[in-house]
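Numbering (my numbering), first residue to last: 6 to 278. Here is the structure we will look at, set down as structure tokens.
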């Protein structure tokens, strides 16, 4: 299943040249610093981590939460995420690299264990997870920008207006597509943040939107991805969607006013003399 057709339509001949200028294949060279070579992908990943820390501390202050707990949550989530992204890549694809869903799930698991260790439960723990979820797209955008620069997620060949002109012909750049999605998600979060929202909204919304997006994006991979009925990305996308909807439902229940039984009367407190 894919949204290849949704992004593909005929482009007039006179516009094809302009389209090719919009999405060229840009190679950013490595930066030599003596015996060390600095990769643009690494620079953007570090920038993403620093941005994430900054956003989490700002968000924790805004929510009146403990900044020290928020910082430790961020550090543990990042460490578990980096380790898990590598290990799950080996598990599912039998080769080295970084697997984004592996990083997401491992980081979330590490963060949940830390919050449990701090004795935070229920809505109090969810408040910190929600802070993490709000800040995550701001950091993730830098990581996907790194993927776009490295062109390490080439998709299927296409004549779509979103194609990147790879050396072997126009293809989808899946890192670039996810970067675009992440920027839209950031704009949505900032728009929603104009007024107070129930705890858990941003966590639930992230997974409820990211899951279907990744499920569909997987259809733009070249054939050959291992599968058990579905590919790993599609399974994780499906589970993410279910989890996100569940969190949104929980947030709705927590903020819903209590229902009065039909025919019940409100007892009035007598005035104090």
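Don't be surprised by glycine CBs; every beta carbon is placed ideally from N, CA and C. Remember, predicted model here, so these are calculated numbers, not experimental data.
Less than 8 Å separating the beta-carbons of residue i and residue j?
{"i": "residue 155", "j": "residue 53", "result": "no"}
{"i": "residue 250", "j": "residue 192", "result": "no"}
{"i": "residue 57", "j": "residue 86", "result": "no"}
{"i": "residue 93", "j": "residue 107", "result": "yes"}
{"i": "residue 209", "j": "residue 256", "result": "yes"}
{"i": "residue 28", "j": "residue 168", "result": "yes"}
{"i": "residue 59", "j": "residue 136", "result": "no"}
{"i": "residue 41", "j": "residue 151", "result": "no"}
{"i": "residue 194", "j": "residue 207", "result": "yes"}
{"i": "residue 81", "j": "residue 119", "result": "yes"}
{"i": "residue 110", "j": "residue 205", "result": "no"}
{"i": "residue 162", "j": "residue 172", "result": "no"}
{"i": "residue 170", "j": "residue 30", "result": "yes"}
{"i": "residue 149", "j": "residue 187", "result": "yes"}
Opposite residue i in the DSSP bridges: which residues?
{"i": "residue 37", "result": "42"}
{"i": "residue 176", "result": "162 and 169"}
{"i": "residue 233", "result": "235"}
Does residue i pass the burial test, meaning 16 or more other C-beta atoms within 10 Å, or should it be called exposed?
{"i": "residue 258", "result": "exposed"}
{"i": "residue 142", "result": "buried"}
{"i": "residue 26", "result": "Summary for residue 26: the model assigns pLDDT 44, below 50, so the residue's position carries little reliability; its value from the coordinates is reported in the next sentence. Residue 26 comes out exposed."}
{"i": "residue 164", "result": "exposed"}
{"i": "residue 129", "result": "exposed"}
{"i": "residue 254", "result": "exposed"}
{"i": "residue 247", "result": "exposed"}
{"i": "residue 271", "result": "Any reading at residue 271 needs caution, since the residue's pLDDT is 45, under 50, leaving its predicted position unreliable; the model's value is listed next. Exposed is the call here."}
{"i": "residue 104", "result": "buried"}
{"i": "residue 73", "result": "exposed"}
Taking the beta strand (DSSP E) that residue i belongs to, which residues open and close that run?
{"i": "residue 205", "result": "Counting along the chain, residue 205 falls outside any beta strand (DSSP E), and DSSP gives it neither H nor E."}
Could you spell out where the alpha helix (DSSP H) holding residue i opens and where it closes?
{"i": "residue 228", "result": "Neither: residue 228 is in no alpha helix (DSSP H) and is coded neither H nor E."}
{"i": "residue 82", "result": "72–98"}
{"i": "residue 134", "result": "127–155"}
{"i": "residue 107", "result": "105–122"}
Requested in this report: Specify whether the stretch 221–230 and the stretch 179–191 touch according to this definition: at least 3 beta carbon pairs, one from each stretch, less than 8 Å apart.
Outcome: Yes, since at least three Cβ pairs between the stretch 221–230 and the stretch 179–191 fall closer than 8 Å, the two stretches touch.
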